[in-house]
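S.K.: What follows is a structure written as structure tokens; I'll ask about it next.
Residue numbers (this note's numbering): 86 to 356.
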């Protein structure tokens with residue numbers, strides 16, 4: 086926004102930034118004749134229709150898409166620090182590669198064509214792994230034997246997070262809950278993307294199924310997300326943590342208020 090591609094040299098990016106629909110696109114309160122370059126008056130990209138204020142009010146705007154993409158990129162350290170390995174594909178118009186870092190893998194699939202394309206990825210190294218789309222957190226079918234068919238729209242893309250498929254029969258039969266072991270603080274844990282993802286996908290769903298007050302035991306929890314955290318201080322010698330978090334999460338199209346507490350390991354000293 087604020088660029089005029091018809092101006093030569095660097096003048097194309099020196100047009101006033103289009104902040105709002107006000108005078109001079111909200112860039113300056115000076116006389117319009119005193120501006121270094123005039124505001125854009127193109128019928129499609131004029132500042133009255135395309136500006137920061139308008140895009141902020143539209144969740145489907147390009148600005149919000151860019152902000153969400155940048156935020157996701159910052160949460161996934163694998164893109165900035167991980168190794169890169171290309172994946173064999175049956176379609177030359179589909180680019181696919183995997184980024185790996187600290188036991189985390191992200192598979193990127195991009196359609197370089199203006200038409201919809203189908204391809205088969207060679208995921209032999211990720212047999213029986215779980216595939217989850219990063220942005221929506223929707224689960225796709227497991228890898229299976231290694232050949233993974235996929236269809237992508239024109240210039241479309243996917244970011245897939247790869248997780249090792251866990252055997253749940255032993256845990257469910259014993260009645261035990263999966264554990265989330267971490268060496269970071271309680272506050273940092275709830276702001277860490279990978280730790281929160283484990284909590285949402287592997288800890289809370291099993292915990293909810295065993296709560297007597299949860300009325301959706303007969304339903305399948307397809308997705309669960311932490312919505313808001315509220316710190317609550319707990320005093321007294323009986324607490325295993327100096328503070329706790331109350332978390333509101335969404336499951337089965339409903340919201341529930343659930344208190345959580347970090348339990349510290351007990352250290353025994355012997356003489």
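C-beta atoms are modelled at their ideal positions from N, C-alpha and C, and glycine is treated no differently.
As the structure is a computational prediction, the values presented were derived from the model and not from experiment.
1) List, from N- to C-terminal side, the beta strand (DSSP E) runs of 3 residues or more that fit wholly inside the stretch 163 to 203.
2) Identify, in the order they occur along the chain, each residue of the same chain with its Cβ nearer than 6 Å to the Cβ of residue 198, setting aside the five sequence neighbours on each side.
3) Hey, quick one: how far does the alpha helix (DSSP H) through residue 267 stretch, first residue to last?
4) Three-state secondary structure (DSSP) at residue 246?
5) Between which two residues does the beta strand (DSSP E) holding residue 128 run?
6) Grouping DSSP H, G and I as helix and E and B as strand, with all else coil, what is residue 292?
7) Tell me whether residue 99 sits in a helix, a strand or coil according to DSSP, three-state version.
8) Measuring CA to CA, which of 119, 246, 114, 151 is closest to residue 225?
9) Do residue 140 and residue 134 have their C-beta atoms closer together than 8 Å?
10) My output table needs one value for residue 206: the three-state DSSP class, helix, strand or coil.
11) Alpha carbon to alpha carbon, how far is residue 118 from residue 110? Give it in angstroms, no decimals.
12) For residue 200, which residues of its own chain have a beta-carbon under 6 Å away from its beta-carbon, when the five flanking residues on both sides are left out?
13) Near residue 281, what residues of its chain come up, given a Cβ to Cβ distance below 7 Å and the 5 sequence neighbours on each side ignored?
14) Which word fits residue 112, buried or exposed, when buried means at least 16 other C-beta atoms lie within 10 angstroms of its C-beta?
15) Out of 169, 232, 221, 184, which one is the CA nearest neighbour of residue 212?
16) Have a look at the DSSP bridge pairing and note the partners of residue 155.
17) On the DSSP bridge assignment, give the partners of residue 132 in chain order.
M.R.: Inspection of the coordinates gives the following:
1) Runs found: 168 to 171, 179 to 186, 189 to 196.
2) Looking up residue 198 in the chain shown gives position 113. Apart from sequence neighbours up to five positions away, the residues of its chain that approach residue 198 with a beta-carbon distance below 6 Å are 178, ordered along the chain.
3) As a working note, residue 267 is residue 182 in the chain shown. No alpha helix (DSSP H) holds residue 267; DSSP gives it neither H nor E.
4) Along the chain shown, one-based indexing puts residue 246 at 161. Three-state result, residue 246: strand.
5) Within the chain shown, the letter at position 43 stands for residue 128. No beta strand (DSSP E) contains residue 128, which DSSP labels as neither H nor E.
6) Counted from its first residue, the chain shown places residue 292 at position 207. Correct three-state label for residue 292: helix.
7) For this step, residue 99 is matched to residue 14 along the chain shown. Three-state DSSP puts residue 99 in coil, outside helix and strand.
8) Locating residue 225 in the chain shown gives position 140, where the first residue counts as 1. Residue 246 is the option with its Cα nearest to residue 225.
9) Walking along the chain shown from the start, residue 140 turns up at place 55. Walking along the chain shown from the start, residue 134 turns up at place 49. Residue 134 is positioned such that its CB atom lies no closer than 8 Å to that of residue 140.
10) Against the chain shown, residue 206 aligns to sequence position 121. DSSP places residue 206 in the strand class (E or B) of the three-state scheme.
11) Walking along the chain shown from the start, residue 110 turns up at place 25. Walking along the chain shown from the start, residue 118 turns up at place 33. Whole-angstrom Cα-Cα distance: 14 Å.
12) Reading the chain shown from its first residue, position 115 is the one you call residue 200. Excluding sequence neighbours, residue 200 sits near 239.
13) For the purposes of this step, residue 281 is taken as residue 196 along the chain shown, with counting starting at 1. Answer for residue 281: 275, 311, listed in chain order.
14) The sequence position of residue 112 within the chain shown is 27, counting from 1. With 16 or more other Cβ atoms inside 10 Å of its own Cβ, residue 112 counts as buried.
15) Taking the chain shown and counting its residues from 1, one reaches residue 212 at position 127. Closest option to residue 212, Cα to Cα, is 232.
16) Stepping through the chain shown from its first residue, residue 155 is reached at position 70. The partner list for residue 155 (beta bridge, DSSP) is empty, contrary to what the question assumes.
17) Here residue 132 corresponds to residue number 47 of the chain shown, with the count starting at 1. DSSP output for residue 132 lists no bridge partner at all.
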